[in-house]
Amino acid sequence: MKRNIFDKIWDEHVITERENGESLLYIDRHLIHDLHYRSFKSLKEKGLNIREPKKLFAVSDHSVPTTAKKLKDIPSGEMFDAVQGLQLAADEFKFHHFPMSDKRRGIVHVIGPEQGITLPGLTLVCGDSHTSTHGALGCIGFGIGSTEIEHVLATQTIWQRKPKIMKININGILDFGVGPKDVILSVIREISASGGNGYAIEFGGSVIDFMSMESRMTVCNMAIEAGARFGIIAPDRKTIDYCSNKPYAPKGYLLDEAIEYWKTLIPNDEAIYDSEYSISGEDIAPMVSWGNSPQWSVRIDEPIPEPKKEMNPVVRAEMEAALNYMDLTPGSFMSAVPIDMVFIGACTNSRIEDLRTVARVIKGYNSIVKTFVVPGSGLVKEQAEAEGLHKIFIKAGMEWREPGCSMCVALNGDVLNPGQRSASTSNRNFRGRQGVGSRTHLVSPAMAAVASITGYFKDVRKFNREYNCAEK
Amino acid sequence: MLKNKGSNGFKSLSAIAVPIEIPNCDTDQIIPARFLRQPITDPNYRKVLFHDLRFNQDGSETDFVFNHFSFKNGKIFVSDINWGCGSSRENAVMALKANHICVVIAPSFGDIHYNNCIKNGILPIRLSSVICKILRDQLWQSPGAKIQVNLEKQFLISPNKKMYEFNIDSLDKYRLINNFNDLDLTEEFTKEIINFTEIYGQRHRWASITD
Numbered sequence: 406m407k408r409n410i411f412d413k414i415w416d417e418h419v420i421t422e423r424e425n426g427e428s429l430l431y432i433d434r435h436l437i438h439d440l441h442y443r444s445f446k447s448l449k450e451k452g453l454n455i456r457e458p459k460k461l462f463a464v465s466d467h468s469v470p471t472t473a474k475k476l477k478d479i480p481s482g483e484m485f486d487a488v489q490g491l492q493l494a495a496d497e498f499k500f501h502h503f504p505m506s507d508k509r510r511g512i513v514h515v516i517g518p519e520q521g522i523t524l525p526g527l528t529l530v531c532g533d534s535h536t537s538t539h540g541a542l543g544c545i546g547f548g549i550g551s552t553e554i555e556h557v558l559a560t561q562t563i564w565q566r567k568p569k570i571m572k573i574n575i576n577g578i579l580d581f582g583v584g585p586k587d588v589i590l591s592v593i594r595e596i597s598a599s600g601g602n603g604y605a606i607e608f609g610g611s612v613i614d615f616m617s618m619e620s621r622m623t624v625c626n627m628a629i630e631a632g633a634r635f636g637i638i639a640p641d642r643k644t645i646d647y648c649s650n651k652p653y654a655p656k657g658y659l660l661d662e663a664i665e666y667w668k669t670l671i672p673n674d675e676a677i678y679d680s681e682y683s684i685s686g687e688d689i690a691p692m693v694s695w696g697n698s699p700q701w702s703v704r705i706d707e708p709i710p711e712p713k714k715e716m717n718p719v720v721r722a723e724m725e726a727a728l729n730y731m732d733l734t735p736g737s738f739m740s741a742v743p744i745d746m747v748f749i750g751a752c753t754n755s756r757i758e759d760l761r762t763v764a765r766v767i768k769g770y771n772s773i774v775k776t777f778v779v780p781g782s783g784l785v786k787e788q789a790e791a792e793g794l795h796k797i798f799i800k801a802g803m804e805w806r807e808p809g810c811s812m813c814v815a816l817n818g819d820v821l822n823p824g825q826r827s828a829s830t831s832n833r834n835f836r837g838r839q840g841v842g843s844r845t846h847l848v849s850p851a852m853a854a855v856a857s858i859t860g861y862f863k864d865v866r867k868f869n870r871e872y873n874c875a876e877k
Numbered sequence: 425m426l427k428n429k430g431s432n433g434f435k436s437l438s439a440i441a442v443p444i445e446i447p448n449c450d451t452d453q454i455i456p457a458r459f460l461r462q463p464i465t466d467p468n469y470r471k472v473l474f475h476d477l478r479f480n481q482d483g484s485e486t487d488f489v490f491n492h493f494s495f496k497n498g499k500i501f502v503s504d505i506n507w508g509c510g511s512s513r514e515n516a517v518m519a520l521k522a523n524h525i526c527v528v529i530a531p532s533f534g535d536i537h538y539n540n541c542i543k544n545g546i547l548p549i550r551l552s553s554v555i556c557k558i559l560r561d562q563l564w565q566s567p568g569a570k571i572q573v574n575l576e577k578q579f580l581i582s583p584n585k586k587m588y589e590f591n592i593d594s595l596d597k598y599r600l601i602n603n604f605n606d607l608d609l610t611e612e613f614t615k616e617i618i619n620f621t622e623i624y625g626q627r628h629r630w631a632s633i634t635d
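In the order they appear, the protein sequences are chains A and B.
Going by my numbering, the first sequence opens with residue 406, and the numbers climb by one from there.
Going by my numbering, the second sequence opens with residue 425, and the numbers climb by one from there.
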């Protein structure tokens, strides 16, 4: 068999195929968040019902203030209406919903894997582009629009053309202080923000094999920033162990059957791909984005590129516009740029492993810039508190907040002021993403922690050496 | 087979075209996130399109191209690579529609946004970077010039009267011309869906949710 893992899962879900290559795909899991609360009203107006409410899971994350613990903590207005709207729909249509008071609530892409809603071999959709995250567990997960959401609600299916498959191999070993965020930012820089258009990206190689499940989720989360709707990593022993004891995972003999099937998804060396890239782990350094697309990032030890050296006039203009908006000087180093705020969180980097990394770096130091630490879910928060991580954050002067999307999309009151600059563990540095006129620099949790302590982008690899010597 | 809805479908159009010089134009630019909860029935909805590029903080207009007198009534956008990348927000398409934009021409599109366009009657046309640049240059040279688009025959005519053919998937073309809703198409497969669900449920018992 030469089918790659994506093709194997896809083929298993095709109900029918049209001559133009579009397939009607069966959907195993549908996740929905607060921004889509109007979908249910729209469905009703069309006289439609939810076909399989048991396979629909809802949670509010975009519109949730990171100070709110209960629905009534949210001030009246747009945010409250969205969160309450989703809750009312869940009550009426009888689908799964994690309400504000439930500790299992959190960012939809964090709780899917955490609850065992996401499993290898499944098809999973959500009205959110970062649904690519779920592919880290060896499933087909992808973001869809509102029209497609209604279609899935009504039919539990979706019309899709099978993407081409790109394999990205990352072999070798990562340097100490270099993590999955640096890996994916390097990949995006390599293939560009449009390099994955029309593709699903399968990540593999020893660096990926060695990664924890949380790290793999960080990598797949940003496949969309390379233009690919899908990221996927073949399930292995680690995946199976991770999934096996989750609340919504199958139990008993059903789990045995699941594992038997998941083992057939292990890739073989002869699998065929439409495109392949290789990146060496040793070449990856801590990354910082400088522009307004995730493709515009530099290694921390590299200068900001100079547009005048760019031959393509359109690209040159794009670089100049970004440098102007971000108020940066070409040829200078990111390490000389002072920052106003640090955001640690988002579906990219808000899992327990990310918080442990931050705690390891920050322990014994103080934050000198305003820093939000926003856990990805109530369970991540609980785990972090059980390990005492929150005490380290609070002692350093960081703000330990309630779970949600927070400053990644700035829809919950957590925003930067015009002109302010952040070091952010989120996934998008678009103009105005964290508030009108905001300037976002994407970094790993370790780099964000160092930024919080120093007020600058400093190389985490040198930080431990230099600071430890200076302070002690 | 496919039912023909007939009304309001896209066939051809001759309209003012607007050059948008933004490579990797993400959907956060097309509609900033803070407008995502605004109902599309809002009478001021057209203002959300490119809001932060079109308006200063005090509400006055910037010199963004779509504010120019010659381009204000444009119904076609010509842009650069990776138009509509980023967020899956279908509100981006609604913002285009609120401003009567019917066609976007670009070398490449974000995959999710492309689908959202098709499903809402906006024609996304892929042409090479070189041709898109030629079109944009012509539009700057003669602001307010029109581009003629014929979807049935899959060609467009530039302001300089040159014809360019474009490719589009046959079913997407059918969707646009007939203002076709996927739910109607799927309805014809109701039996197949029921059968599949049953067989799939037996083959993969583990994949069902028992709670």
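Ideal Cβ placement from N, Cα and C applies to all residues, glycine included.
With its beta carbon at least 8 angstroms from every one in chain B, residue 626(A) lies outside the interface. For residue 838(A), a Cβ of chain B is located within less than 8 angstroms of the residue's own Cβ.
Excluding residues up to 5 positions away in sequence, 527, 528 lie with their Cβ nearer than 6 angstroms to the Cβ of residue 433(A) in the same chain. The continuous stretches of beta strand (DSSP E) do not include residue 687(A), and DSSP gives it neither H nor E. Taken in chain order, the unbroken stretches of alpha helix (DSSP H) that lie wholly in the segment 434 to 513 of chain B and span 4 residues or more are 451 to 454, 475 to 478. Linking residue 638(A) to residue 832(A) through their CA atoms gives a straight-line distance of about 19 angstroms.
Taking a C-beta distance under 8 angstroms as the contact criterion, residue 460(A) and residue 435(A) qualify as a contact pair. Partner residues in the beta bridge of residue 546(A), as assigned by DSSP, are 529(A). As the crow flies, the alpha-carbon of residue 456(B) is around 22 angstroms from that of residue 628(A). Residue burial annotation: residue 687(A) is exposed, with fewer than 16 other C-beta atoms found within 10 angstroms of its C-beta.
When rounded, the separation of the alpha-carbon atoms in residue 545(A) and residue 494(A) is 27 angstroms.
Contacts with chain B (Cβ-Cβ distance below 7 angstroms) from the segment 627 to 658 of chain A involve 632, 634, 653, 655, listed in chain order.
Using a CB distance below 8 angstroms, the part of the segment 605 to 623 of chain B facing chain A consists of 606, 607, 609, 610, 613, 616, 617, 620, 621, ordered along the chain. Annotation: Cβ neighbours of residue 631(B) in chain A (cutoff 7 angstroms, chain order): 433, 527. With three or more CB-CB distances shorter than 8 angstroms, the segment 408 to 426 of chain A counts as touching the segment 536 to 545 of chain A. Taking the Cβ atoms as the reference, residue 474(B) lies roughly 6 angstroms from residue 454(B), within the contact range of under 8 angstroms. Listed as beta-bridge partners of residue 576(A) by DSSP are 685(A). Distance from the CA atom of residue 589(A) to the CA atom of residue 623(A), rounded to whole angstroms, is 8 angstroms.
DSSP places residue 621(B) within a helical segment (H, G or I) once states are collapsed to three. The continuous stretches of beta strand (DSSP E) do not include residue 586(A), which lies in the alpha helix (DSSP H) extending over residues 585 to 596. Against chain B, the CB of residue 553(A) has a partner CB under 8 angstroms away; the residue lies at that interface. The beta-carbon of residue 791(A) is placed no less than 8 angstroms from the nearest beta-carbon of chain B.
Beta-bridge annotation (DSSP): residue 565(A) is paired with 428(A). The continuous alpha helix (DSSP H) containing residue 514(A) extends over residues 513 to 520.
With a contact defined as Cβ atoms closer than 8 angstroms, residue 580(B) and residue 499(B) miss out at about 13 angstroms.
Counting only the Cα atoms, residue 513(B) lies some 19 angstroms from residue 601(A). According to DSSP, residue 588(B) shares a beta bridge with 580(B). For residue 577(B), not one C-beta of chain A is nearer than 8 angstroms to its own C-beta. Residue 549(B) sits away from residue 517(B), with the two beta carbons spaced by 8 angstroms or more. With fewer than 16 neighbouring CB atoms inside 10 Å of its own CB, residue 524(B) falls in the exposed class. Here residue 604(A) is buried: its Cβ has 16 or more other Cβ atoms, across all protein chains shown, within 10 Å. Judged by their CB atoms, residue 767(A) and residue 830(A) are not nearer to each other than the 8 angstroms cut-off. Taking the CA atoms as reference points, residue 743(A) sits about 12 angstroms from residue 824(A).
Counting every other CB atom within 10 Å of its CB across the protein chains shown gives residue 543(B) a total of 16 or more, marking it as buried. What residue 510(B) touches in chain A, judged by beta-carbon distance under 7 angstroms, is 534, 833, 835, going in chain order. Assigned with DSSP and collapsed to three states, residue 613(B) falls in coil, not helix or strand.
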